[in-house]
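Heads up, my numbering is the position in the sequence shown plus 296, with the first residue counted as 1.
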Amino acid sequence: MDIAELIRLLENIGRTGTVTEIDEENWRVRVQSGGLETTWLRWNAQRAGAFKFWVPPSIGEQVWLLCLGGNTDTAIIGGSLYSNDNPAPGATRNEMVVTAPDGARFRYDAEAGALQVEGIKSAVIEASVSHSGYAGGELHQPVAREKS
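Okay, structure coming up:
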């Protein structure tokens with residue numbers, strides 16, 4: 297291997313690009329990075345063991361590639377990057393914000409201890425529960441109900 301090829305491989309270890317195609321069934325995407333259109337690449341999952349987390353990338357999402365050995369054919373998506381087209385949904389380090397394409401928004405403000413969910417069409421919680429809390433300024437006593 298000559299020095300030029302070695303330098304090319306080293307420069308390719310980390311790249312950025314934009315998602316152009318998604319294969320949800322096989323958990324793969326294609327990415328445009330400079331003049332390169334990648335093969336089908338796996339994306340990073342926050343969890344993929346006993347606990348799983350499913351949020352596939354979006355077309356137009358900016359990502360970074362980790363190219364094993366500098367080879368773009370063996371690359372994996374290391375993560376996503378905020379961009380002008382897809383800016384961060386939150387503004388402080390004390391909040392967690394999740395947004396969805398339909399406008400739904402989940403926000404937890406750790407400083408205020410406040411949870412806000414908006415823009416959803418329905419919510420279903422199925423469980424055996426015990427509930428007590430304030431509604432309309434009055435304390436409601438615990439009510440236990442078994443799931444039917």
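Every residue, glycine too, gets a C-beta built ideally from N, C-alpha and C.
The beta carbons of Gly356 and Asp319 sit no closer together than 8 Å. When secondary structure is reduced to three states using DSSP, Glu320 falls in the coil class, being assigned neither helix nor strand. When secondary structure is reduced to three states using DSSP, Ala406 falls in the coil class, being assigned neither helix nor strand. Between Gly415 and Arg401, the C-beta spacing is below 8 Å. By the CB criterion at 8 Å, Glu317 and Arg326 fall inside the cutoff.
With the rule of 3 Cβ pairs closer than 8 Å, the segment 323 to 337 does not count as touching the segment 388 to 397. Boundaries of the beta strand (DSSP E) harbouring Glu391: Glu391 to Thr395, taken from the DSSP string.
Rounded to the nearest whole angstrom, the CA to CA distance from Pro352 to Asn322 is 11 Å. Within the same chain, no Cβ atom closer than 7 Å to the Cβ of Ala387 is found once the five residues on either side in sequence are excluded. Bridge pairing for Val325: Ile318 and Leu337 [DSSP]. Residues of the same chain with a CB within less than 8 Å of the CB of Ile372, apart from the 5 flanking positions on each side, are Leu337, Arg338, Trp339, Asn340, Leu361, Leu362 and Leu364 in chain order.
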